[in-house]
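Colleague: Following this message is one structure expressed as structure tokens.
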DNA sequence: CAATTCGTTCAAATTATTCGAACATGCCGC
DNA sequence: GCGGCATGTTCGAATAATTTGAACGAATTG
């Protein structure tokens, strides 16, 4: 073990304080102890780290490289130490939260702010998933906690908590024939028009369909912004979450249509694998369950 | 110093060999020595790294994090050790090569391949400089070795070695009036047309002019690709290095014009600060001096 | 030129680490 | 179910390592 963190810390102190003597003072060790440690390392590496020709010792080029890049090593060691302590204290090293792509990202911001304010170094990953993709991510372990719509997959192993009901508004471009119907639309009326749908991200679970008919012509896109853009551009029609549709309709970029039997709705759930525990999981379950987090997005459950 | 590289290496061996006993064998130490080191680290961190409830010790989650991320630390330490030795043996930690922007990048590729094949950790930076900018980079220390055109700056301190002569072809867009001259062009004839020139990157040395007249209208761009694009787009005229002009002329994207008194030429030099030494410098001086490196770019010197 | 600061050396003291033997525990084959 | 085995730990002794403080020579400072 030619390098030791202890010796790298000595180099660091020598550089910062400017001399062996002052570094020794900072480290509460005798100067000869530093001499010993440095010579030890020089012998192991078979490299001179200091130029001792003058009165005071100066770093050689090699010594300077070891000093500077050693600092990165010391920093990484410090980080690892913190991380280990936190994992031991129950905080997960990594935590993945999957959010249904139909939901806005904004409500997460204050939540993440609050989480980071705890000072934990748990690394958060937020991923967007579509339809069954959220459940898929959960059961496959790609996500530790999901906010997903529709019924959870059978076979259990998943704990859920209902969050609220998302209402959809069927939207068409301004001037579209469907906007002139004058009465609530039915599926039969809509079937002739191209639907813009978001591709399900599920890789293992059976795909779901939502808001479109099997024989309807359709344009498939990856996410909600793409769907919105496509509908704005007049490439097709389709239902949008109310929180999004409202601003678009108010801005005149889309027209909302009534739907026969009332607007479609879907219940959304918070879900995690049963049997898992961790303080980040607990924290996020509690935080996301708080009423008001998704204010303006969900109706009362 | 709660973490030590030695202890991390012990964790690594325990995981790879599957038990304290076999790890001890690999490390040529008694098993109780490993127990001691692990307990030491556990005490410093105040974290249990192994679950000792069963027959054989198993990593706790915290222990596993420390193990896995500790391996990255061990790897970095090994790299730093190599690098320190290499620097001590004369290889520069960093090496900056400035290449005149009028020259193609391609000849450097096999050279860099060969350099990296040496297994050195010297970090190479290649920068493009224009006209006096190369010399400026050299004397100011921003570059350790340059391939630059024209006379080196006075005041010495710089060693040079001629590499070859770059020939320029005066190019105009297809159909341009100058292309119909029928005889070699003179500066007076060209002066009325906008010249596309590359801005000198020098920050301290006096700027140079090349290939254009003081009173000529001009469009200044940053590099050779921009100059080429501008000339192709018919924004102006100007001399291009022969290696570049030939393909453009052959493709019909530009037209080459004869120049009164023969095409302009400029000698290019390899140059470095005298008094500096280093194995990367030696290596690159030797490699770039090899005949054939710039084949097709330079004429014989 | 004296006073100071510096880094090193050396022997002694102290501390940390290692070892080996003894022990307790759980696993496996019979 | 019951020895045999391999495991990891404990403990005291042995060994190796680090640390200390005093002394020294060299370079710097006022």
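Residue numbers (this note's numbering), protein chains in the order written: chain D, 1 to 301; chain L, 1001 to 1301.
Ideal Cβ positions, reconstructed from N, Cα and C, are used throughout, including at glycine.
#1: Could you name the residues of the region 1070 to 1099 of chain L whose beta carbon sits closer than 7 angstroms to any beta carbon of chain D, in the order they occur along the chain?
#2: At a CB distance below 7 angstroms, what residues from the region 1026 to 1041 of chain L approach chain D? Give them in sequence order.
#3: Could you tell me the alpha carbon to alpha carbon distance between residue 113 of chain D and residue 1241 of chain L, rounded to whole angstroms?
#4: Which residues mark the beginning and the end of the alpha helix (DSSP H) in which residue 70 of chain D is found?
#5: Starting from residue 47 of chain D, find everything on chain L with Cβ-Cβ shorter than 7 angstroms and list it in chain order.
#6: Exposed or buried, what is residue 233 of chain D when buried is set at 16 or more other beta-carbons lying within 10 Å of its beta-carbon?
#7: Counting only beta-carbon atoms, is residue 13 of chain D nearer than 8 angstroms to chain L?
#8: Closer than 9 angstroms by beta-carbon distance: list the chain L residues that pair up with residue 51 of chain D, in chain order.
#9: Assuming contact is defined by CB atoms lying nearer than 8 angstroms, are residue 1198 of chain L and residue 1224 of chain L in contact in what I supplied?
#10: Using a Cβ-Cβ distance under 8 angstroms, would residue 4 of chain D count as near chain L?
#11: Between residue 127 of chain D and the rest of its own chain, which residues show a CB-CB distance below 8 angstroms, the 5 nearest in sequence each way excluded?
#12: Do the CB positions of residue 170 of chain D and residue 185 of chain D come within less than 8 angstroms of each other?
#13: Mapping the DSSP letters down to three states, classify residue 194 of chain D as helix, strand or coil.
#14: Could you work out which residues of chain D lie near residue 1165 of chain L, taking near to mean beta carbons separated by less than 8 angstroms?
#15: Between the alpha carbons of residue 1284 of chain L and residue 1205 of chain L, how many angstroms are there, rounded?
#16: Considering just the uninterrupted stretch of the alpha helix (DSSP H) at residue 1002 of chain L, what are its terminal residues?
#17: Under 9 angstroms Cβ-Cβ, which residues of chain D neighbour residue 1009 of chain L?
#18: List the residues of chain D whose Cβ lies closer than 9 angstroms to the Cβ of residue 1152 of chain L, in chain order.
#19: Tell me which residue opens and which closes the alpha helix (DSSP H) that residue 1266 of chain L is part of.
#20: List the residues of chain D that residue 1062 of chain L touches, going by C-beta distances under 7 angstroms, in chain order.
#21: From the beta carbon of residue 66 of chain D, is the nearest beta carbon of chain L less than 8 angstroms away?
#22: Closest to residue 1310 of chain L by C-alpha separation, out of D:26, D:131 and D:63, would be which residue?
#23: Kindly indicate which three-state DSSP category residue 136 of chain D falls into: helix, strand or coil?
#24: Does the region 1056 to 1076 of chain L come close enough to the region 33 to 45 of chain D that 3 or more CB-CB pairs lie under 8 angstroms?
#25: Roughly how many whole angstroms lie between the Cα atoms of residue 235 of chain D and residue 179 of chain D?
#26: Please say whether residue 150 of chain D and residue 266 of chain D have beta carbons closer to each other than 8 angstroms?
#27: Taking the alpha carbon of residue 2 of chain D as the reference point, which residue from L:1061, L:1155 and L:1084 has its own alpha carbon closest?
#28: Quick one, are the C-beta atoms of residue 148 of chain D and residue 269 of chain D less than 8 angstroms apart?
#29: Helix, strand or coil, according to DSSP, for residue 1050 of chain L in the structure here?
#30: By a C-beta neighbour count over all protein chains shown, 10 Å radius and 16 as the cutoff for buried, is residue 47 of chain D buried or exposed?
#31: To test your reading of the DSSP string, which unbroken alpha helix (DSSP H) runs of 4 or more residues are found completely within the region 94 to 158 of chain D?
#32: Within 10 angstroms of the Cβ of residue 183 of chain D, are there 16 or more other Cβ atoms? Answer buried if so, exposed if not.
#33: Per DSSP, which residues does residue 299 of chain D bridge with? Please list them.
#34: Within a Cβ cutoff of 6 angstroms, which residues of the same chain sit near residue 255 of chain D, ignoring the five residues on either side of it in sequence?
#35: Can you tell which of D:273, D:117, D:116 and D:121 has the C-alpha that lies nearest to the C-alpha of residue 153 of chain D?
#36: Please classify residue 92 of chain D as buried or exposed, where buried requires at least 16 other C-beta atoms within 10 Å of its C-beta.
Modeller: Taking the definition as stated:
#1: 1070, 1073, 1076, 1077, 1080, 1081, 1083, 1084, 1085, 1087, 1088 and 1093
#2: none
#3: 56 angstroms
#4: 61 to 88
#5: 1084, 1085 and 1088
#6: exposed
#7: no
#8: Within chain L, no residue comes near residue 51 of chain D; the closest Cβ sits about 12 angstroms away, beyond 9 angstroms.
#9: yes
#10: yes
#11: 96, 97, 98, 99, 137, 142 and 143
#12: yes
#13: coil
#14: Simply none; closest approach about 37 angstroms.
#15: 25 angstroms
#16: No alpha helix (DSSP H) contains residue 1002 of chain L, which DSSP labels as neither H nor E.
#17: 1
#18: Simply none; closest approach about 27 angstroms.
#19: No alpha helix (DSSP H) holds residue 1266 of chain L; the beta strand (DSSP E) holding it covers 1265 to 1273.
#20: 84, 87 and 88
#21: yes
#22: Outside the shown range of chain L, which is 1001 to 1301, sits residue 1310 of chain L, and nothing can be said about it.
#23: helix
#24: no
#25: 15 angstroms
#26: yes
#27: L:1084
#28: yes
#29: strand
#30: buried
#31: 108 to 117 and 132 to 139
#32: exposed
#33: D:165
#34: 172, 174 and 179
#35: D:273
#36: buried
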